[in-house]
């Protein structure tokens with residue numbers, strides 16, 4: 001590989017050095033924006049949009065969602081101690097925004113947004129059929145952190161829509177589902193693919 | 209607004225309903241991918257790439273990074289009990305990937321990647337000058353979760369590069385910095401802007 005580390009160097013741009021100092025704020029972006037389902041498939045269930053979510057540990061696979069106690073979903077989460085994380089797409093963007101603004105106290109969000117609940121294998125919360133990836137999660141611990149409570153959960157099972165699985169190779173191509181993210185108050189699709197993990201150290205195949 | 213809720217309905221696509229069942233995995237995407245700096249500006253410091261990061265609570269602003277104990281940064285984090293989250297951009301993508309693959313045990317990552325350390329106001333860890341946003345974080349708790357330890361931290365201060373602040377309005381435009389995210393093993397820029405938070409319920413201005 002002719003490109004040595006030097007090519008990775010960030011060329012100096014002194015205008016980047018001038019910083020404005022702000023008070024503390026939640027400025028980590030871009031973030032995932034997921035539809036978290038909770039409650040009981042056979043009784044009462046709901047869906048809430050969450051950007052305060054992520055992976056906490058690889059093995060065992062552990063994740064979290066943070067939810068305000070005022071939210072309708074909060075009681076459902078504490079009752080069943082499980083939830084499902086449903087990834088979102090450009091097609092689901094309207095429902096994603098709407099489910100983050102409206103309350104399950106006043107709306108049947110599944111019905112009004114045309115979402116289809118499917119029975120999960122390990123948890124009471126439903127999967128959203130229209131989501132390309134669903135993660136069944138069992139809550140391990142609830143942690144009060146101020147405005148939000150963090151629900152730390154074990155990921156028990158993953159469901160992937162066959163539509164995005166290459167029939168020949170068996171590879172799952174999440175990009176084909178047109179995932180969306182949340183950045184500084186706005187929703188975006190993904191843009192240019194820059195490289196795979198490890199691209200900066202990958203050796204090029206020699207030309208013969 | 210003529211578009212009623214019905215327009216938000218996801219049109220049925222039965223091919224999405226066919227799911228392949230997988231074992232548990234860390235399938236939440238897209239994720240942020242940040243450069244977390246740790247150590248002491250005046251002595252020894254390092255930078256580690258982290259996608260296991262996010263916001264835990266809005267008030268007080270609380271975040272986390274999860275790090276494997278084998279990593280060189282792990283000892284530095286425990287020593288100073290602080291870190292800085294530096295957001296990444298297309299221009300920083302090479303350094304972001306490289307700093308996630310290489311170890312501070314063997315490399316002076318700042319030097320080799322041409323990153324400029326700046327002194328923070330409240331913590332010992334340095335800011336990265338080339339990053340558009342830096343969050344000074346003080347570790348509140350360390351939680352062992354398996355392969356990774358979660359460092360729960362209070363966000364104490366935010367620095368924003370003036371370059372991305374509109375001189376007339378004073379608005380900070382993170383999009384101009386070309387943020388990147390990490391999705392299923394690949395780095396991406398952001399693509400199409402779909403809408404602002406709340407777009408699904410916003411009333412259109414009436415035409416006169």
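Protein chains in written order, with this note's numbering: chain A, 1 to 208; chain B, 209 to 416.
Think of the CB as a built atom: it goes at the ideal place given N, C-alpha and C, for glycine as much as any other residue.
Asked, Found
"Identified DSSP bridge partners for residue 230 of chain B", "A/158"
"For residue 80 of chain A, three-class secondary structure by DSSP", "helix"
"Selected residue, minimal CA-CA separation from residue 235 of chain B, among A/27, A/32, A/113", "A/32"
"Positions along the segment 295-307 of chain B whose CB lies within less than 8 Å of some CB in chain A", "295, 298, 299, 300, 301, 302, 303, 305, 306"
"is_contact[residue 210 of chain B, chain A] using C-beta, thresh 8 Å", "With a pLDDT of 39 at residue 210 of chain B, under the threshold of 50, the modelled position of this residue cannot be trusted; read the value that follows with caution. Chain A, which has no Cβ nearer than 8 Å to the Cβ of residue 210 of chain B, makes this no."
"Nearest-angstrom Cα separation, counted from residue 90 of chain A out to residue 255 of chain B", "34 Å"
"Cβ distance (whole Å) where residue 131 of chain A is taken to contact residue 35 of chain A below 8 Å", "6 Å"
"Same chain only: Cβ atoms within 6 Å of residue 330 of chain B, ignoring 5 sequence neighbours per side", "344, 364, 365"
"Between the CA atoms of residue 372 of chain B and residue 381 of chain B - distance to the nearest angstrom", "6 Å"
"Burial state of residue 305 of chain B (16 or more Cβ within 10 Å)", "buried"
"Cutoff 8 Å; reference residue 56 of chain A; Cβ partners in own chain excluding five residues on either side", "62, 63, 64, 152"
"Residue 188 of chain A to residue 290 of chain B span [Cα, whole Å]", "31 Å"
"Interface partners of residue 347 of chain B on chain A, CB under 8 Å", "Simply none; closest approach about 14 Å."
"Residue environment, residue 268 of chain B, which counts as buried when at least 16 other CB atoms sit within 10 Å", "exposed"
"Cβ-based contacts, 8 Å cut-off: residues of the segment 24-46 of chain A near chain B", "24, 25, 26, 27, 28, 29, 30, 31, 32, 34"
"Assigned secondary structure, residue 214 of chain A (DSSP; H/G/I helix, E/B strand, else coil)", "Outside the shown range of chain A, which is 1 to 208, sits residue 214 of chain A, and nothing can be said about it."
"Residue 195 of chain A vs residue 303 of chain B beta-carbon contact at 8 Å", "no"
"Unbroken alpha helix (DSSP H) run spanning residue 318 of chain B, endpoints", "317-321"
"Sequence ranges, beta strand (DSSP E) only - wholly within the segment 217-280 of chain B, length at least 3", "227-231, 242-247, 253-258, 261-265, 270-275"
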